[in-house]
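The structure under discussion appears below in the form of structure tokens.
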Amino acid sequence: MEAQALQVLQFLSGFFGPLWPLVYTLLKIVGIVLPLLLCVAYLTLAERKVIGAIQVRLGPNVVGPWGLLQPIADGLKLVCKEIIVPSQASKGIYFVGPALAFATALAAWAVVPFSEGWVLANIDAGVLYILAITSVGIYSIIIAGWASNSKYPFFAAMRSAAQMVSYEIAMGFALVCVLMVSASLNLSEIVHAQGKGMFADMGIGILSWNWLSLLPMFMVFLISGIAETNRAPFDVVEGESEIVAGHMVEYSGMAFALFFLGEYSAMILVSIMTSIFFLGGWLSPVGFLPHSFVWLAAKTAFVLFLFLWFRATFPRYRYDQIMRLGWKVFVPLCMFWVLVVGIWMMSPLNIWK
Amino acid sequence: MDFKTATFYFLSTILVLAGLRVITARNPVHAVLFLVLAFFTASGLWLLLQAEFLAITLVMVYVGAVMVLFLFVVMMLDINIERLRQGFWSYLPLGAAIGLLMAAEMGVVLGGRYFWPETMPDPVAPPVGYSNTKELGRLLFTDYVYPFELASVVLLVAIIAAVMLTLRRRIDKKHQNPSEQIAVKRNDRLRIIAMPTEKE
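Protein sequence lines, in the order shown, are assigned to chains A and B.
Here our numbering is used: the first residue of the first sequence is 1, the next is one more, and so on.
Here our numbering is used: the first residue of the second sequence is 1001, the next is one more, and so on.
See the structure below:
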């Protein structure tokens, strides 16, 4: 089987000649993006089903068996709808917004390691790359809010930019702790660092992952991740009861769909990042089972379920409370914890050697 | 022309055009967006110089944080372009003099590389496994630790000054104290009274 696959690859590389590295990379990108878009589509279904179950409803169940074709139907509807441009909108920038939202949400996936060696670009500064790309994503929201030339999108853009910039700081500090204990900015190295330690040697790897040793930072990262993706209970950006539907009010059809796809793939990205930084990535929780991609998928699905669960459970935060949580609770807590981890690492009790 | 040179010219062209548009764009928001593009392209050029850590930090700090706030300020301002353009010719000599001075200074610093390349040392190829993120961190926290700490103190002073300048304590301001709110007991808010059942 492997020999056959190798033969096919050799034939293809001969066929494309000097262009082969480009074609091969493009094939790998398609290999990441297509499953991702499928995940996004079915995440919307999962969201409606899970929230339905929590609220003792059925959720979508008409289109296809158990409602399984619902995302396809939704997608088709959005593609077929007319794209309406407000007459006073700033035309060029109006369309840059959704494109940027989708592009940055996909670009971040380039450095995500799915399993041992399964990574498109294994760069040394992977963590920084993710932070940089996600911070560029803020522009999509601001640009959309401004270019629509309408009050509600502009309010949403203001709220969103303030919220995302604030929570990025807490997120960055939580990551500083992870970087300190794993001594690397490379995402694969961070996963490898979690496979070492006393508990991993005893065969219960689940206890040597960062979530236990950095528990407060795990909580901060998870909550900041929810705020960063503008999900409930931090979704003041698109608070329906206050400002209609946020920065995408003036968008319709596929332009709206691009925002939607970007938002959900950002959710999946934050979940997979939580799994990689704190839940051991593709490492198996127990010694007698092999490490594999399946574990990463399961952990990501679990974190995504938490996102949906929180949305169904908590009422929306008030805006000043969001700012207070970010600046007055998380940032000082993170700074303190950086100090604690630093002292811990310098003391004889250091567990990350 | 190899791929690297082609990329360099491609990025440089975008950078120069974006820089020009920053000062020629009529709409201030467009100007800021062109400045963002200029930063982004500059970070691409740094990547070509194999300074990947600095390149990504440039995007993260300037594009991701500083320019977002900048864009906000510009969006909120009610800028009257016509009034800003007044007095262009009277300011031109001073502006041109400062611009020329800056160009001359840059020329002095960078000129050696172009006019007397034989006096400049060849860049040494980094060894295998060289990580400039690590190297930068090592330099910052060993050889340059005092300047680094000094810079952080200067920044701290700037932060405190900015906060103090904008902080206004109003006596009539209404605000909530979250820790008091959380500490509230049932007895503070609720009074249970015994009431005999009323009969018809």
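Yeah, the Cβ is synthetic: ideal placement off N, Cα and C, and Gly gets one too.
The three-state reading of DSSP puts P315 of chain A in coil, since its state is none of H, G, I, E or B. T44 of chain A is a Cβ neighbour of Y264 of chain A, given a cutoff of 8 Å. Among the residues of chain B, those whose CB is under 9 Å from the CB of V165 of chain A are G1064, A1065, V1068, L1069, following chain order. The region 1015-1056 of chain B is shown to contain whole alpha helix (DSSP H) runs of 4 or more residues at 1028-1048, in chain order.
Inter-residue distance for G31 of chain A and A257 of chain A is about 21 Å (C-alpha atoms, whole angstroms). Taking all protein chains shown into account, H1175 of chain B has fewer than 16 neighbouring C-beta atoms within 10 Å of its C-beta and is therefore exposed.
At least one C-beta of chain A is nearer than 8 Å to the C-beta of M1075 of chain B.
Taking a C-beta distance under 8 Å as the contact criterion, Y152 of chain A and V244 of chain A qualify as a contact pair. At a cut-off of 8 Å between beta carbons, S135 of chain A contacts chain B. Chain order gives the chain B residues near R324 of chain A as P1178, where near means a beta carbon separation below 7 Å. Under the 8 Å criterion on CB atoms, D124 of chain A is classed as interfacial with respect to chain B. For L131 of chain A, the nearest CB of chain B lies under 8 Å from its own CB, placing it at the interface with that chain. With fewer than 16 other beta carbons inside 10 angstroms of its own, F11 of chain A counts as exposed. Assignment of D235 of chain A by DSSP, reduced to helix, strand and coil, places it in the coil class.
Here the alpha carbons of F260 of chain A and E228 of chain A stand approximately 15 Å from one another.
Taking 8 Å as the upper bound for CB-CB distance, P86 of chain A and S150 of chain A are in contact here, some 7 Å apart. Following the DSSP letters along the chain, one finds M158 of chain A inside the alpha helix (DSSP H) bounded by residues 151-182.
In the three-state DSSP reduction, Q7 of chain A falls in the helix class (H, G or I). For M1060 of chain B, the neighbours in chain A by C-beta distance under 7 Å run, in chain order, L128, L131, A132, S135. Residue B:W1046 holds the alpha-carbon nearest to the alpha-carbon of K1004 of chain B among B:A1025, B:W1046, B:R1189. Interface residue (Cβ-Cβ distance to chain B less than 8 Å): W146 of chain A is classified as such. Here the alpha carbon of S213 of chain A sits roughly 35 Å from the alpha carbon of K28 of chain A.
Taken in chain order, the complete alpha helix (DSSP H) segments of 4 residues or longer contained in the region 43-95 of chain A are 70-80. Of all C-beta pairs linking the region 106-118 of chain A to the region 174-188 of chain A, three or more are shorter than 8 Å, placing the two stretches in contact. Nearest neighbour of S1012 of chain B by Cα position, chosen from B:M1001, B:L1033, B:T1041, turns out to be B:T1041.
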